[in-house]
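>
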Amino acid sequence: MERFSLDAAHLLAGGMVLVSFMMLYQNRILGLLNVFAAHAVVLSLSVAWQAYVQSAPHLFVTAAIALILKAIIIPVALHHMVLRLGVHRDIETVGGIGPTMLMGIGLVALSMVVMLPAAAEADPIAREDLALALSVILLGLLMMVTRQNAISQIVGFMSLENGLVLAATGARGMPLVVEISVAFSVLVAFIVIGVFLFRIRERFDTIDTQALDDFREGRE
Amino acid sequence: MSSFLNMLPFAPIDALLVVPGVAALLLTLIPQYRLGARVNMLASGITFLFALTLLIERPDPTVSFLFVDDLNVVFVVLGTFVGFTTSIFSASYIGHEIEIGRLKPGYIRFYHGMYQALSFSMNLGLTANNVGLMWVAVELATLTTVLMVGLYRTQAALEAAWKYFILGSVGIALALFGTILIYMAARPVIGEGHDAMVWTSLIANAPKFSPELLNVAFVFLMLGYGTKVGLAPLHAWLPDAHAEGPTPISAVLSGLLLNVALYALLRFKMLLAANPLAVAPGPLLVTLGLVSLIFAAFMLYLRRDIKRLFAYSSIEHMGLIAFAFGMGGPLANFAGLLHMTMHSLTKSAIFFAVGQVAQVKGTQKIADIRGLTESHPTLGWSLIVGVAAIAGLPPMGIFTSEFLLVSSTFARQPLLAIPLVIGLLLAFGALIWRLTGIAFGKPSPSVVDAGRHPSMLPLIIHLVLVLIAGLYLPGPLVAWFQNVARMLG
Chain A
-4 MERFSLDAAH LLAGGMVLVS FMMLYQNRIL GLLNVFAAHA VVLSLSVAWQ AYVQSAPHLF
56 VTAAIALILK AIIIPVALHH MVLRLGVHRD IETVGGIGPT MLMGIGLVAL SMVVMLPAAA
116 EADPIAREDL ALALSVILLG LLMMVTRQNA ISQIVGFMSL ENGLVLAATG ARGMPLVVEI
176 SVAFSVLVAF IVIGVFLFRI RERFDTIDTQ ALDDFREGRE
Chain B
183 MSSFLNMLPF APIDALLVVP GVAALLLTLI PQYRLGARVN MLASGITFLF ALTLLIERPD
243 PTVSFLFVDD LNVVFVVLGT FVGFTTSIFS ASYIGHEIEI GRLKPGYIRF YHGMYQALSF
303 SMNLGLTANN VGLMWVAVEL ATLTTVLMVG LYRTQAALEA AWKYFILGSV GIALALFGTI
363 LIYMAARPVI GEGHDAMVWT SLIANAPKFS PELLNVAFVF LMLGYGTKVG LAPLHAWLPD
423 AHAEGPTPIS AVLSGLLLNV ALYALLRFKM LLAANPLAVA PGPLLVTLGL VSLIFAAFML
483 YLRRDIKRLF AYSSIEHMGL IAFAFGMGGP LANFAGLLHM TMHSLTKSAI FFAVGQVAQV
543 KGTQKIADIR GLTESHPTLG WSLIVGVAAI AGLPPMGIFT SEFLLVSSTF ARQPLLAIPL
603 VIGLLLAFGA LIWRLTGIAF GKPSPSVVDA GRHPSMLPLI IHLVLVLIAG LYLPGPLVAW
663 FQNVARMLG
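Residue numbers (the numbering used here), protein chains in the order written: chain A, -4 to 215; chain B, 183 to 671.
The following block contains the structure:
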């Protein structure tokens, strides 16, 4: 049973890394949103498994938040927003799928090299989970860097936060206050971003952040 | 005094949160600008007074989730003071922005509410006895300032807010990962649950933590909170946010928010320093500090916008402060603390002046601001005094701290002193060069008639304090800072 619970936890965390890779090569926004929803579903399964293994019922709350908020409400809301803005047909230049995937593999290798020896003293579930969580965080960062569309950047940021939740739940007995705060911050971040998107829409008729960059002083 | 404090329904330290929290809610209900500005000033003033009481009496750390020690009380008193003076400046500045129609009156409730929410989150971040809570507070402070930077709704303001939001969130996310790693390191020693995130128990048990985990955690914390400090190469949000938001917010960003992030960084540096096997955090801070200093010094020459100019100057000074704390030791830490205090006071004073300059000249472009001493003597000369202070001319307080830093660096690491002095001289040259153009020569036309008298009081108070600190530091203050410098190791 001990062995199995470990394997299942690693399988789910590894699944999140896999879905992160799938997000990297989505060049249509609606496809990206669907994959993000899948990311959140895997996260919620992983958190629920941790709740069961650690017999920590409060983690089920985190799992439920992940499922309801991140897998359903936010993707649906963003879906509506994309349709309203009429950008769902746009094809995003991802900057070469091959190089991006290679960079992603490099980042995963990096997080394994850094985390596995460093967390050797922590218990094994946490050790592997931390390495995988760091991979998810770095892949989210990579996505934010390679995308120019504001909505894709938001999705990248939220997948990064999913990695944080994975790390926080993997750390046995981490106080609930932090998990709630993570979930809460996602919500707040979402509201803020939503507000910004609408204002950007009012002003520019585009949500391409490249267009915004033209106001930087360096190019005046 | 202390019997009066005992009569209050809540402890003075809780008042640091209660007063701004209640004021934030109240201010969102007040649509009149004048009344709102007064309530804002009043709330900031009361918060400052309560912060002062912490100098006399400290709460018992075991009964509260907040705590006060010699280190954070410096930050709290300085922060609430700058918050108070900025609220006075804000009243006249925002009044003018409404008159000229740059700001819609409807946003005032929002602006004042956010101002107090920022004050709340900064006080929480500085006094929280829990690294998780501290993180939440810094995140909250980021969100409130993002909303205020975007207040003008111009294209440039929205871009600045967006960039600040994205970079700030990524930074804050990395900091959370670092915080989780700290918990992981603490758990085998302290045990599961809440205690493993409480600062006072973390620092007591730090020598027994796993050094490898602490090392990795510190890298994330440094990148995360370092973004908020504005250290190069993570500084990209800072100039935009300073230039495009309302000027009181520029003053608060430079004078307060950068310090809060710096405080978080210092706390974790202390944690690492307490563990003999962990990597020394000093060299990392020294490197980032020097890079920021040299980079910002060169960038100062290229600026065409007056608020951006002083934003880069903030990057330069945060670099200097990070360098000082990275060097460590009683003298460099003392210099770092003094420099941080002086920088907060001077830089917010400069922004008070710059805000008025931009209003009377109707522009932020350096090329269009000429001969200020002739057209507006009081404003022009106070700007000269402020810039002379920030450039490090004697007899102002920044000269004292820079002198201490340079001499202690020469004594211990002469090779590091060379880039330090080069950076200081470069920045000095850039600021004086820009200042002569702004202050002297044939005056450029003003858009506001001379009959308007904005409040010069906060500006003058700050500059006088900086001058006094340069001439004479009171004995108790020196003893206090020396004590904190020893604490920082």
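Note that CB positions come from ideal geometry on N, CA and C, so glycine has one too.
Should residue 91(A) be flagged as near chain B, meaning a C-beta pair shorter than 8 angstroms?
no
> In whole angstroms, what separates the C-alpha of residue 310(B) from that of residue 546(B)?
Looking at the two C-alpha atoms, the distance is approximately 38 angstroms.
> My guess is that residue 164(A) and residue 42(A) are in contact by the Cβ rule of under 8 angstroms, so how many angstroms apart are they, rounded?
Contact holds; Cβ gap of about 5 angstroms.
> Runs of 4 residues minimum, wholly inside the segment 399 to 470 of chain B: which ones carry the alpha helix (DSSP H) assignment?
419 to 426, 429 to 434, 440 to 455
> Out of 420(B), 659(B), 470(B), 365(B), state which residue places its alpha-carbon closest to the alpha-carbon of residue 237(B).
659(B)
> Kindly list, in the order they appear in chain A, the residues whose Cβ is closer than 7 angstroms to that of residue 392(B).
Those are 116, listed as they occur along chain A.
> Do three or more CB pairs link the segment 151 to 170 of chain A to the segment 348 to 366 of chain B at distances below 8 angstroms?
yes
> Compute the beta-carbon to beta-carbon distance between residue 645(B) and residue 531(B), rounded to the nearest angstrom, for a pair I have assumed lies under 8 angstroms.
5 angstroms
> Taking the CB atoms as reference points, tell me whether residue 497(B) and residue 478(B) lie closer together than 8 angstroms.
yes
> Are the Cβ atoms of residue 319(B) and residue 307(B) separated by less than 8 angstroms?
yes
> Taking a Cβ distance cut-off of 7 angstroms, strictly less, list which residues of the segment 360 to 373 of chain B are near chain A, in chain order.
362, 365, 366, 369, 370
> What is the DSSP secondary structure of residue 549(B), counted as helix, strand or coil?
Here residue 549(B) sits in helix by DSSP.
> Just to confirm, are residue 561(B) and residue 535(B) a CB contact at a threshold of 8 angstroms?
yes
> Does the distance from the C-beta atom of residue 411(B) to that of residue 443(B) stay below 8 angstroms?
yes
> Take residue 106(A) and list the residues in its own chain whose beta-carbon comes closer than 7 angstroms to its own, dropping the five residues that flank it on each side.
126, 129, 130, 133
> Using only alpha-carbon positions, find the residue among 388(B), 215(B), 414(B), 315(B) that is nearest to residue 459(B).
388(B)
> To the nearest angstrom, report how far apart residue 113(A) and residue 402(B) are at their CA atoms.
13 angstroms
> Please name the residue, chosen from 461(B), 344(B), 330(B), 406(B), that lies closest to residue 391(B) on a Cα-to-Cα basis.
Out of 461(B), 344(B), 330(B), 406(B), 461(B) has the C-alpha closest to the C-alpha of residue 391(B).
> When the cut-off is 8 angstroms and only beta carbons count, does residue 210(A) lie next to chain B?
Because the pLDDT at residue 210(A) is just 48, under 50, the model does not fix this residue reliably, and the point stays unresolved.
> Identify every run of the alpha helix (DSSP H) within the segment 603 to 660 of chain B, keeping only runs that are complete inside it and at least 4 residues long; order them along the chain.
639 to 653
> To be precise: take each residue of the segment 372 to 386 of chain B, compare its Cβ to all Cβ atoms of chain A, and keep it if any distance is under 7 angstroms. Which residues remain?
The residues in question are 374, 375, 376, 379.
> Residues in the segment 331 to 365 of chain B with C-beta within 9 angstroms of chain A's C-beta atoms, listed in sequence order?
Per Cβ criterion, the list reads 332, 335, 336, 337, 338, 340, 341, 342, 343, 344, 345, 347, 348, 351, 352, 354, 355, 356, 358, 359, 361, 362, 363, 365.
> Is it the case that the Cβ atoms of residue 471(B) and residue 508(B) are separated by a distance below 8 angstroms?
yes
> What is the residue span of the alpha helix (DSSP H) that residue 229(B) lies within?
215 to 238
> Taking Cβ-Cβ distances shorter than 8 angstroms, what residues in chain A pair up with residue 395(B)?
113, 114, 116, 117
> Between the alpha carbons of residue 453(B) and residue 202(B), how many angstroms are there, rounded?
30 angstroms
> What first and last residue would you give for the alpha helix (DSSP H) that runs through residue 38(A)?
24 to 48
> Return the CA-CA distance between residue 194(B) and residue 616(B), expressed in angstroms with no decimal places.
45 angstroms
> Quick one: residues in its chain with C-beta nearer than 6 angstroms to the C-beta of residue 40(A), no 5 flanking neighbours on either side, listed in chain order?
7
> Which residues in the same chain as residue 98(A) place their Cβ atom closer than 8 angstroms to its Cβ, once the five residues preceding and following it in sequence are excluded?
137
> Between the C-alpha atoms of residue 667(B) and residue 206(B), what's the straight-line distance to the nearest angstrom?
35 angstroms
> Please say whether residue 351(B) and residue 301(B) have beta carbons closer to each other than 8 angstroms?
no
> Determine, for residue 132(A), whether the minimum Cβ-Cβ distance to residues of chain B falls below 8 angstroms.
Yes, residue 132(A) counts as interfacial toward chain B.
> For the putative contact between residue 404(B) and residue 466(B), defined by C-beta atoms under 8 angstroms, what is the C-beta separation to the nearest angstrom?
6 angstroms
> Is the CB-CB distance between residue 553(B) and residue 623(B) below 8 angstroms?
Residue 623(B) is positioned such that its CB atom lies closer than 8 angstroms to that of residue 553(B).
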